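Asks:
In the numbering used here, the protein residues as written are 6 to 93.
#1: Verify whether the separation of the beta carbon atoms of residue 37 and residue 56 is less than 8 Å.
#2: Looking at residue 33: is its Cβ nearer than 8 Å to the Cβ of residue 20?
#3: Considering only C-alpha positions, which residue in the set 29, 82, 45, 77 is nearest to residue 70?
#4: List the DSSP bridge partners of residue 27.
#5: Going by C-alpha to C-alpha distance, which of 73, 83, 63, 23 sits closest to residue 48?
#6: Quick check on residue 21: does DSSP put it in helix, strand or coil?
#7: Please determine, among 73, 9, 17, the residue with the shortest C-alpha to C-alpha distance to residue 35.
#8: Which stretch, first to last residue, makes up the alpha helix (DSSP H) that contains residue 41?
#9: What does the alpha-carbon distance come out to for the pair residue 72 and residue 60?
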């Protein structure tokens with residue numbers, strides 16, 4: 006679990022180009038276009054091909070994603086995706 010959080014924080018820090026501790030939609034979508042990032046999330050069983058919806062699920066009311074919300078939100082997205090698959 007600690008290794009997962011460390012990897013997620015490394016990813017977050019690389020994506021946070023402004024260095025403000027938050028991911029904007031532009032920062033998020035830019036990094037999600039990288040095939041290596043897409044592959045990494047795919048291995049984690051998270052579908053990132055709809056990055057706009059993915060961002061909306063993680064963002065706060067100001068349209069930003071904090072490091073805490075990012076690290077803690079990804080596991081919830083995995084569960085949501087599975088739940089949606091079950092309904093479909």
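C-beta atoms are modelled at their ideal positions from N, C-alpha and C, and glycine is treated no differently.
All of these numbers come straight from a predicted model, not from anything done at the bench.
Replies: Short version:
#1: yes
#2: For residue 33 and residue 20, yes; Cβs fall inside 8 Å.
#3: Looking at the Cα atoms, 29 is the closest of the given residues.
#4: Answer is 71, bridged to residue 27.
#5: Checked all of 73, 83, 63, 23; the closest Cα to residue 48 is 83.
#6: coil
#7: 17
#8: 40-48
#9: 13 Å
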